[in-house]
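Working notes, structure below.
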Amino acid sequence: MISDVKSAITSKLMGLYPTGYAIYDEEAPETAAKPYFLISVTNQTYSKRFNNKYSSVLYLDIAYHSDQAEVRADGISKQEALLRDFDYISTYKVRNKAAKITDNVLHFTFDLQYYELTKEEFTLMQQQTINTRVKI
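Residue 3 is where the sequence shown starts when you use this note's numbering, and the numbers rise one by one after that.
Okay, here's the thing in structure tokens:
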């Protein structure tokens, strides 16, 4: 499920910024050329609801590393775009959006809640053999 969410985020970012930006998952290489986005899962809660139903909340951080001389101005423009355009990611509603610039890196944080229904395997009834010859 997490990989589906991350690929939906990547698609959304590529739609907003089609060229000139690299997008990394969890770790950026030391030699990564700026500008780039880094998608990270910061936390996850997972709980059982009823029978085979589960609820989960994913907490995500999209870090933007700028290559501009005016890092703060570039970060603020990206912050506005992300806050405006990230209402939905695929079929997931984005909740608790926040953005801040720390150490010249924009951190856009949000969370998504989703539910899962697992398929349980049951053993089917086997054919029964019945003895109909009764001795009296």
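Glycine included, every Cβ here is placed at the ideal spot set by N, Cα and C.
Proximity of Y66 and F39 at Cβ, strictly below 7 Å: Against a cut-off of 7 Å, the Cβ pair of F39 and Y66 comes out as a contact.
Selection from A10, T104 and G22 that minimises the alpha carbon distance to A35: Minimum Cα distance to A35 is reached at G22.
Supposed close pair M3, E118 - CB separation, criterion 8 Å: Indeed, because the Cβ distance is near 7 Å, the residues count as touching under 8 Å.
Own chain partners of D27 with C-beta closer than 7 Å, once the 5 adjacent residues on each side are dropped: Here the set comprises K8 and I41.
For D6, the nearest candidate out of A24, T93 and T134 (CA to CA): Closest in alpha carbon position to D6, among A24, T93 and T134, is T93.
Nearest-angstrom Cα separation, counted from Q129 out to R97: Each residue's alpha carbon lies about 52 Å from the other.
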